[in-house]
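Numbering (my numbering), first residue to last: 14 to 273.
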Amino acid sequence: MVAVDLGGVDRLPVPDPALYPTVIAPLFNKFSPLPAGPARDAIERLLARCGFENRGLFVMDGSRRSSHGNAFFTGFGRAKRIVLFDTLLARLGADELEAVLAHELGHFRLRHVLKRMAWMAVASLAFLALLAWLMASPWFYAGLGVAASPDRPGIALILFFLVLPVFTFLLGPLFSLHSRRHEFEADAFATRHASARALVRALVKLYEDNAATLTPDPVHSAFYDSHPPAAVRIARLRALAPAEFAAAADVAAMATKALP
Ligand SMILES: [Zn+2]
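So, in structure tokens, the structure goes:
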């Protein structure tokens, strides 16, 4: 499976048949091994620290279609590959890239994608059960001004999909809340294995590049956003690694004192 994550904006789990990394993806994008250098060294050290087995680090020419930064894992078990968009590589320093990868590893290690897919499977079954019940309920047809036709399941299916968004709209905030909790957990994982300050710098760049506001309306954000607002994430990261940020403040204070 593929966990696509911008670190800042929305992402989706995409089912990934074994063919995707080797056959399908190369049709649309060029993949090349991540060149040697500080970024590769930092990422390899991070993967070793976390005990993350993989079959190589690749760069994908994502800039052909979008300037958005992105990174994902693909493949199963030990055959996993790590793919970075060339735009991410161009935009972030080695320590920032390491921190973003640590966040992604957090999603992977904490099984966020699997959990989400399990939830979606349960929700799909629940909706199918609901549909089966509604199909046999005359009031369902009557309420929508349609003649009851339980022998024609297509009618019930169309009506069901017409009505469903009214109710799933109300479930939206719950899914958003769940997703934002996963983001906080992945951020906490990243601070344990990489630099919280580097993650903050990377987040600000990614939110900027994705033209996402750093200060969204809190109510709108609580309802719709799968990722927490940047300011909230940064505040939590600062709280998780106060020593790292205090050291930076000391340096800033010393620099200020040194000024005439
Ligand atoms: Zn994330």
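Idealized CB from N, CA, C, for every residue including glycine. Since we're looking at a predicted model, the values are computed, not measured.
Contact under 8 Å by Cβ, residue i with residue j
{"i": "A55", "j": "A107", "result": "yes"}
{"i": "R68", "j": "R91", "result": "yes"}
{"i": "A169", "j": "L147", "result": "yes"}
{"i": "L59", "j": "L114", "result": "yes"}
{"i": "L250", "j": "D200", "result": "yes"}
{"i": "E109", "j": "A244", "result": "no"}
{"i": "F98", "j": "M73", "result": "yes"}
{"i": "K93", "j": "T100", "result": "no"}
Buried versus exposed call for residue i [16 or more other C-beta atoms within 10 Å across all chains shown]
{"i": "V3", "result": "Given that the chain is displayed from residue 14 to residue 273, the structure contains no residue 3 and the question cannot be resolved."}
{"i": "E66", "result": "exposed"}
{"i": "D164", "result": "exposed"}
{"i": "G158", "result": "exposed"}
{"i": "V15", "result": "Only weak support is given to the placement of V15: the predicted model assigns it a pLDDT of 40, under 50, and the question is left unresolved by the model."}
{"i": "F236", "result": "exposed"}
{"i": "G75", "result": "buried"}
{"i": "L177", "result": "exposed"}
{"i": "V179", "result": "exposed"}
{"i": "V135", "result": "exposed"}
{"i": "L183", "result": "exposed"}
{"i": "T181", "result": "exposed"}
{"i": "A49", "result": "exposed"}
{"i": "A254", "result": "buried"}
{"i": "F202", "result": "buried"}
{"i": "A256", "result": "exposed"}
{"i": "G20", "result": "Confidence at G20 is low in this model, with a pLDDT of 45, below 50, so its placement is unreliable and the value that follows should be read with caution. So G20 counts as buried."}
Candidates the options, of which the one nearest residue i by Cα
{"i": "S239", "options": "A207, R210 and R194", "result": "R194"}
{"i": "G119", "options": "T204, A235, L47 and P241", "result": "T204"}
{"i": "L219", "options": "A84, G64 and R53", "result": "A84"}
{"i": "F89", "options": "A260, F121 and A161", "result": "F121"}
{"i": "F173", "options": "Y154, F182 and L184", "result": "Y154"}
{"i": "L190", "options": "S208, P241, L144 and R251", "result": "P241"}
{"i": "G156", "options": "L175, P166 and H116", "result": "L175"}
{"i": "I95", "options": "E109, V135, S45 and R129", "result": "S45"}
{"i": "A12", "options": "A248, R104, H125 and W152", "result": "The question about residue 12 has no answer here: the residues shown for the chain are numbered 14 through 273."}
{"i": "A112", "options": "M133, A136 and A207", "result": "A207"}
{"i": "R210", "options": "W152, A252, I171 and F71", "result": "A252"}
{"i": "E196", "options": "E57, I247, S150 and S162", "result": "I247"}
{"i": "E198", "options": "P166, E117 and V217", "result": "E117"}
{"i": "L123", "options": "A259, D222, S192 and A256", "result": "S192"}
{"i": "N42", "options": "G64, E57 and F71", "result": "F71"}
{"i": "P166", "options": "A145, G185 and W152", "result": "A145"}
{"i": "L185", "options": "S234, A260 and E57", "result": "The question names Leu, but residue 185 in the sequence shown is Gly. When only C-alpha atoms are compared, the closest one is S234."}
May I ask you to verify whether the segment 126-145 touches the segment 228-243, counting CB pairs closer than 8 Å and requiring at least 3? The answer is no - the segment 228-243 does not touch the segment 126-145, with fewer than three Cβ pairs under 8 Å.
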